[in-house]
Each structure stands twice: as C-alpha cells, then as structure tokens.
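Enquirer: Residues in the sequence shown are numbered consecutively from 87, following the working numbering. Note that beta-carbon positions come from the ideal geometry of N, C-alpha and C, so glycine has one too. My questions all concern the structure below.
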Amino acid sequence: MVNFIWLALIVLGVIVAGTSGKIEIVTLAALEGANNA
Numbered sequence: 087m088v089n090f091i092w093l094a095l096i097v098l099g100v101i102v103a104g105t106s107g108k109i110e111i112v113t114l115a116a117l118e119g120a121n122n123a
C-alpha cells in the first residue's frame, strides 16, 4: 500500500514538473539519487 502511495507521489511530481517546465531539475535529481544509491 505504501509503495503505491510513493509511486503516485513520484508520478504526480514528474507530471507537475513537466507542465511547469522544470523537468530538467527532476531529471538531474533522479540521476544524482541513482548515483548515491
């Protein structure tokens, strides 16, 4: 159940970033997070 909530938050964040024109920031943050993992 918690996994679905996190998935919904991530998807919603990407959609909002895409519509507001800040998708580059989301992409950079995702890549940086993947490097830290």
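Could you tell me the distance, in whole angstroms, from the CA atom of residue 112 to the CA atom of residue 87?
Expert: 24 Å
Enquirer: Please report how far the alpha carbon of residue 105 lies from the alpha carbon of residue 99, in whole angstroms.
Expert: 10 Å
Enquirer: Near residue 89, what residues of its chain come up, given a Cβ to Cβ distance below 7 Å and the 5 sequence neighbours on each side ignored?
Expert: none
Enquirer: In terms of residue numbering, what span does the alpha helix (DSSP H) encompassing residue 119 cover?
Expert: 109-122
Enquirer: Counting contacts by CB-CB distance shorter than 8 Å, is residue 102 in contact with chain C?
Expert: Absent from the structure is chain C; it holds one protein chain and no more.
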